[in-house]
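Note sheet for the following structure.
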Amino acid sequence: SSKLLSRNINATNYLNWMEENKRHNRMVTGIDSSSSSTSLWFGPKIIRDTCNLMSDLEADPTFAIHTSVFLSHGGGWDYRGGVALYVDSHSSNTNPRKKIRRGVAIDGARERVVVSTGGLENQRCRLPTQAGIRAVLQIWWSCESQ
Numbered sequence: 100s101s102k103l104l105s106r107n108i109n110a111t112n113y114l115n116w117m118e119e120n121k122r123h124n125r126m127v128t129g130i131d132s133s134s135s136s137t138s139l140w141f142g143p144k145i146i147r148d149t150c151n152l153m154s155d156l157e158a159d160p161t162f163a164i165h166t167s168v169f170l171s172h173g174g175g176w177d178y179r180g181g182v183a184l185y186v187d188s189h190s191s192n193t194n195p196r197k198k199i200r201r202g203v204a205i206d207g208a209r210e211r212v213v214v215s216t217g218g219l220e221n222q223r224c225r226l227p228t229q230a231g232i233r234a235v236l237q238i239w240w241s242c243e244s245q
């Protein structure tokens, strides 16, 4: 009887583990029990993320170089959203109502290091994190003439 009890407890733990993983996968993909059946066909509801471009030199004239060290995985592993967007200073990017034509979007990955200058040539923003925890160590370096 103790073997049967042991098997039942292990089976219960296994089923609980399976249900927890299903819940996690639904949360990461944006499909949960409260969503309608149409979301299974068309994917999760699209939410427009805000992006306020800034340069570090606007905040403090001594911040010449910005470094980000990602401590968690993006792309749905540890968090969803939170993409870092760097926009080039180019005439095609001057109208904020139009699509960004030149730049790069960086999805965080553990141990990824991003270094950029802090001037208007590298304006940046971070799109909102939609789920999970985005952990990034940010370091600003100043360059002073001697």
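Per our numbering, the sequence shown starts with residue 100, numbered consecutively.
The beta-carbon is built from N, C-alpha and C at its ideal position, and this holds for glycine as well.
Quick caveat: nothing in here was measured; it's all calculated off a predicted structure.
Item, Value
"Could you name the residues of the same chain whose beta carbon sits closer than 6 Å to that of V182, not counting the 5 residues immediately before and after it, in chain order?", "A204, D206, L226"
"Quick one, which of T166, D187, H172 has its alpha-carbon nearest A234's?", "H172"
"Since T216 sits in a beta bridge, which residues does DSSP pair it with?", "I164"
"Please state if the CB of C224 and the CB of C150 are separated by a distance shorter than 9 Å.", "yes"
"Report the residue from H165, Y185, T228 whose alpha carbon sits nearest the alpha carbon of Q222.", "Y185"
"Quick one: using the 10 Å Cβ neighbour count with 16 as the cut-off for buried, is S154 buried or exposed?", "buried"
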